[in-house]
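Read the structure below first, then the notes.
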């Protein structure tokens with residue numbers, strides 16, 4: 372009697388197994404439901420903006436090694452995915468971008484020297500307290516319903532009139548990896564900040580339209 376095998380042996384079976392993984396946007400609902408339960412904007416800002424909630428001081432390889440959190444047989448890192456950095460070596464549509472902070476979008480494993488030639492960044496824009504739209508923008512960001520932006524709190528070293536930051540998902544910045552490894556690090560993401568950032572980046576890049584499955588399977 373043949374033993375049942377759940378491993379894919381044809382493309383249809385493979386597609387069925389990937390269906391709930393490759394284009395699943397339920398992460399948006401999870402994050403939004405959590406934010407909704409927190410109440411008003413000020414309550415959300417208190418939780419997400421608390422020290423260490425979404426961002427923390429840069430995670431250093433030597434410190435992690437000394438604490439036994441990474442092994443000496445693992446690749447040494449200078450940067451992690453989601454790190455907030457500044458560099459004048461990034462380009463957008465052929466134009467160099469200067470005087471701006473960025474979030475590292477590339478995976479940590481691709482940030483090891485010599486592993487890739489290029490890396491991807493996302494722009495950061497500060498939200499200033501004297502901006503007449505600051506209150507409305509913070510309210511929208513802290514609902515986590517936008518597919519264009521993500522909220523981050525003020526970063527270490529930000530001026531007192533910065534009440535938050537927004538990661539811009541619309542437009543990828545390209546940078547040579549060798550140049551990126553020379554960038555100034557301002558912060559790393561906390562565990563939950565890293566989970567939210569990674570989930571949003573992945574979902575925004577691959578989310579499917581309502582009719583896309585039908586079009587691709589029957590057209």
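Residue numbers (the working numbering): 372 to 590. Positions of the beta carbon are idealized from the N, C-alpha and C atoms, including for glycine. These figures come from a predicted structure and were not determined experimentally.
Proximal residues to residue i (C-beta, below 8 angstroms), its chain only, five neighbours per side dropped
{"i": "residue 509", "result": "412, 416, 498, 522, 534 and 535"}
Reference residue i, options the options, closest by Cα
{"i": "residue 479", "options": "532, 471 and 430", "result": "430"}
{"i": "residue 460", "options": "449, 473 and 517", "result": "473"}
{"i": "residue 560", "options": "419, 517, 381 and 530", "result": "419"}
{"i": "residue 493", "options": "500, 505, 457 and 517", "result": "457"}
{"i": "residue 427", "options": "528, 551 and 550", "result": "528"}
{"i": "residue 579", "options": "482, 446 and 518", "result": "518"}
{"i": "residue 400", "options": "516, 587 and 589", "result": "516"}
{"i": "residue 541", "options": "505, 589, 466 and 576", "result": "576"}
Straight-line gap, residue i to residue j (C-alpha atoms, nearest Å)
{"i": "residue 491", "j": "residue 442", "result": "27 angstroms"}
{"i": "residue 583", "j": "residue 390", "result": "12 angstroms"}
{"i": "residue 373", "j": "residue 546", "result": "Because residue 373 carries a pLDDT of 48, less than 50, the predicted location of this residue cannot be relied on, and no value is offered for it."}
{"i": "residue 422", "j": "residue 484", "result": "31 angstroms"}
{"i": "residue 410", "j": "residue 525", "result": "21 angstroms"}
{"i": "residue 375", "j": "residue 451", "result": "Low local confidence applies: a pLDDT of 47 at residue 375 is under 50, so the model's placement there is unreliable, with the coordinate-based value given in what follows. Answer to the nearest angstrom: the Cα atoms are 42 angstroms apart."}
{"i": "residue 407", "j": "residue 514", "result": "7 angstroms"}
{"i": "residue 425", "j": "residue 488", "result": "29 angstroms"}
{"i": "residue 462", "j": "residue 437", "result": "36 angstroms"}
{"i": "residue 388", "j": "residue 402", "result": "25 angstroms"}
{"i": "residue 549", "j": "residue 464", "result": "20 angstroms"}
{"i": "residue 446", "j": "residue 482", "result": "10 angstroms"}
{"i": "residue 414", "j": "residue 554", "result": "34 angstroms"}
{"i": "residue 585", "j": "residue 503", "result": "45 angstroms"}
Where the beta strand (DSSP E) containing residue i begins and where it ends
{"i": "residue 463", "result": "461-463"}
{"i": "residue 514", "result": "That residue, residue 514, is in no beta strand (DSSP E); it is neither H nor E in DSSP."}
{"i": "residue 537", "result": "533-547"}
{"i": "residue 416", "result": "Premise fails: residue 416 lies in the alpha helix (DSSP H), 412-419, not in any beta strand (DSSP E)."}
{"i": "residue 473", "result": "472-475"}
{"i": "residue 491", "result": "489-499"}
Nonlocal neighbours in the same chain, by C-beta distance under 6 angstroms from residue i, ignoring five residues either side
{"i": "residue 398", "result": "570 and 574"}
{"i": "residue 565", "result": "453"}
{"i": "residue 543", "result": "491"}
{"i": "residue 448", "result": "432"}
Range of the contiguous alpha helix (DSSP H) that encloses residue i
{"i": "residue 568", "result": "562-577"}
{"i": "residue 523", "result": "Not the alpha helix (DSSP H): residue 523 falls in the beta strand (DSSP E), residues 520-523."}
{"i": "residue 401", "result": "397-409"}
Nearest-angstrom Cβ-Cβ length linking residue i and residue j, presumed shorter than 8 angstroms
{"i": "residue 468", "j": "residue 557", "result": "Contact doesn't hold; Cβ gap of about 16 angstroms is too wide."}
{"i": "residue 507", "j": "residue 539", "result": "That belief does not hold up - the Cβ atoms of residue 507 and residue 539 are roughly 17 angstroms apart, past 8 angstroms."}
Cut-off 7 angstroms between Cβ atoms - residues of its own chain near residue i, not counting five sequence neighbours on either side
{"i": "residue 358", "result": "What is shown of the chain runs 372 to 590, which leaves residue 358 out entirely."}
{"i": "residue 396", "result": "574 and 578"}
{"i": "residue 477", "result": "452, 490 and 491"}
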